[in-house]
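Have a look at the structure below, then the notes.
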Amino acid sequence: MRIIEISPQVDSRPTAPGKRSDAIYAVLHDHLTRGIFSQGLVLTESAIARAFGVSRSPAAAALEKLAQDGLICSFDGRGFLVGSKTNIPLRLDLFEAGLSLEADKLDEMQQRGWRDRLYPLVERDVAASMAYGPFQIVGTSLAETFGVSRTVAHEVLTRLERVGLVQQGNNGRWYVPRLTVRDVEEHYEVRSVLEPLALVQGARSLEKEDIKVRLDRARSLVARGTASSEAEIVQLENDLHRDIVLACSNAQFRQIIERSQLPLIATHLTFERYLNDEEILPSAEQHVKILEALYKGDDATAAKEMVHHLQAALVSTVKVLEASVTTPTSRIPSYLIQPQQG
Numbered sequence: 067m068r069i070i071e072i073s074p075q076v077d078s079r080p081t082a083p084g085k086r087s088d089a090i091y092a093v094l095h096d097h098l099t100r101g102i103f104s105q106g107l108v109l110t111e112s113a114i115a116r117a118f119g120v121s122r123s124p125a126a127a128a129l130e131k132l133a134q135d136g137l138i139c140s141f142d143g144r145g146f147l148v149g150s151k152t153n154i155p156l157r158l159d160l161f162e163a164g165l166s167l168e169a170d171k172l173d174e175m176q177q178r179g180w181r182d183r184l185y186p187l188v189e190r191d192v193a194a195s196m197a198y199g200p201f202q203i204v205g206t207s208l209a210e211t212f213g214v215s216r217t218v219a220h221e222v223l224t225r226l227e228r229v230g231l232v233q234q235g236n237n238g239r240w241y242v243p244r245l246t247v248r249d250v251e252e253h254y255e256v257r258s259v260l261e262p263l264a265l266v267q268g269a270r271s272l273e274k275e276d277i278k279v280r281l282d283r284a285r286s287l288v289a290r291g292t293a294s295s296e297a298e299i300v301q302l303e304n305d306l307h308r309d310i311v312l313a314c315s316n317a318q319f320r321q322i323i324e325r326s327q328l329p330l331i332a333t334h335l336t337f338e339r340y341l342n343d344e345e346i347l348p349s350a351e352q353h354v355k356i357l358e359a360l361y362k363g364d365d366a367t368a369a370k371e372m373v374h375h376l377q378a379a380l381v382s383t384v385k386v387l388e389a390s391v392t393t394p395t396s397r398i399p400s401y402l403i404q405p406q407q408g
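Take 67 as the starting number for the sequence shown in the numbering used here and just add one per residue.
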């Protein structure tokens, strides 16, 4: 059986950039208030990101906060000036300008950035592997695979445990349980109750044009009678179940739904049957009905069609899960190993 490889998706709700921006802000604030940076020094997002080893997002947030404090100001050029607009722009490497970072603090910040980038990748790999479990997930191998510290690897495992993707045994080892038919039935039961409600809430937060774009994509697939690529199937799922459902205003709904979606959507997309038009088209047609109702503002019909869609998905997912499936060893991450018996 051939397995679909899923491209990583960007998490729209990052967990820690705020903490990184606070750390950057504290360092720069200290340098500015102590007069280490010369008046007129230009501070840019890219320069700060390079110096601290982070992305531009926390760098931008730190600069904005410093501007609000009145320690830096915007000017005609790119970035911010230290002091006031009357100062002559001075462009220097930040370390040349006097930036001093303690090695342990810089390493901590970079490791924190790794946690943000690493977790979604591991989460998706683990969720997609559950249909072939159980596995033992080895923290040291996880750390070595991605070149991070054992502390970061342990924090990733702890987060995976919180969402129910891994379990820690009495022996202290971490395990990925096998996804059973009963698990699938329970997850779909949760989704069938909450996703119709979340769907309506989420749609209300979007512009009609946003829904129309997703509707057009689903209609295009149905009109062609086949998916043009694996990525198109991933997009079809994300358009409805993530971009709209998880845009709902109820934070508790989002948390519970996402926990039930994770093992199902990843498994749903790994089976070869999703390259089969006989399986793809009915699902796409159901998406069209749901999106058409949302576009027309017919919430009741949209919710009803979502229930029908999830019930159909349950039947097909159980059918495939019960089939004899050979573990695709070439696609199982190296940090997942078959647990020893006994």
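Cβ atoms here follow ideal geometry from the backbone N, Cα and C, with glycine treated the same way.
Q) Beta-carbon separation of residue 204 and residue 346 under 8 Å? A) no
**Q.** Rounded C-alpha distance that separates residue 97 from residue 123
**A.** 21 Å
Q: Kindly indicate which residue of 241, 256 and 108 has the alpha-carbon position closest to the one of residue 155.
A: 108
Q: May I have the straight-line CA-CA distance separating residue 150 from residue 105, to the nearest angstrom?
A: Between the alpha carbons of residue 150 and residue 105 lies a gap of roughly 8 Å.
Q) Should residue 140 be labelled buried (16 or more other beta-carbon atoms within 10 Å of its own) or exposed? A) exposed
**Q.** Member of 371, 361 and 366 whose CA lies at the smallest distance from the CA of residue 352
**A.** The option with the nearest alpha carbon to residue 352 is 371.
Q.
Taking 6 Å as the limit between beta carbons, can you name the residues of its chain near residue 389, skipping five residues before and five after?
A. none
**Q.** the segment 302-314 / the segment 260-270 touching (three or more Cβ pairs under 8 Å)
**A.** yes
Q | Extent of the continuous alpha helix (DSSP H) to which residue 208 belongs | A | 205-212
Q) Roughly how many whole angstroms lie between the Cα atoms of residue 243 and residue 102? A) The alpha-carbon atoms of residue 243 and residue 102 are separated by roughly 54 Å.
**Q.** Beta-ladder partner(s) of residue 140, from DSSP
**A.** Residue 140 pairs with 146.
Q) Buried or exposed: residue 349, going by 16 or more other Cβ atoms within 10 Å of its Cβ? A) buried
Q) Which whole-angstrom value is the C-beta distance of residue 281 and residue 361, which I expect to be below 8 Å? A) Right, their Cβ atoms sit about 6 Å apart.
Q: Determine the burial state of residue 338: buried for a count of at least 16 other Cβ atoms within 10 Å of its Cβ, exposed for fewer.
A: Reliability of the predicted coordinates at residue 338 is poor, the pLDDT of 44 falling under 50, and no value is obtained from them.
Q: Can you give me the start and stop residues for the alpha helix (DSSP H) that residue 254 sits inside?
A: Bounds of the alpha helix (DSSP H) holding residue 254 are 247-270.
Q. By how many angstroms is the C-alpha of residue 305 removed from the C-alpha of residue 292?
A. Their Cα atoms are separated by approximately 17 Å.
Q: Specify, as a first and last residue, the run of the beta strand (DSSP E) that residue 242 falls within.
A: 240-242
Q: Assign residue 320 to buried or exposed, taking buried as 16 or more other Cβ atoms, counted over all protein chains shown, within 10 Å of its Cβ.
A: buried
Q) Taking the DSSP output, what are the residues bridged to residue 108? A) For residue 108, which the question treats as bridged, DSSP gives the partners 147.
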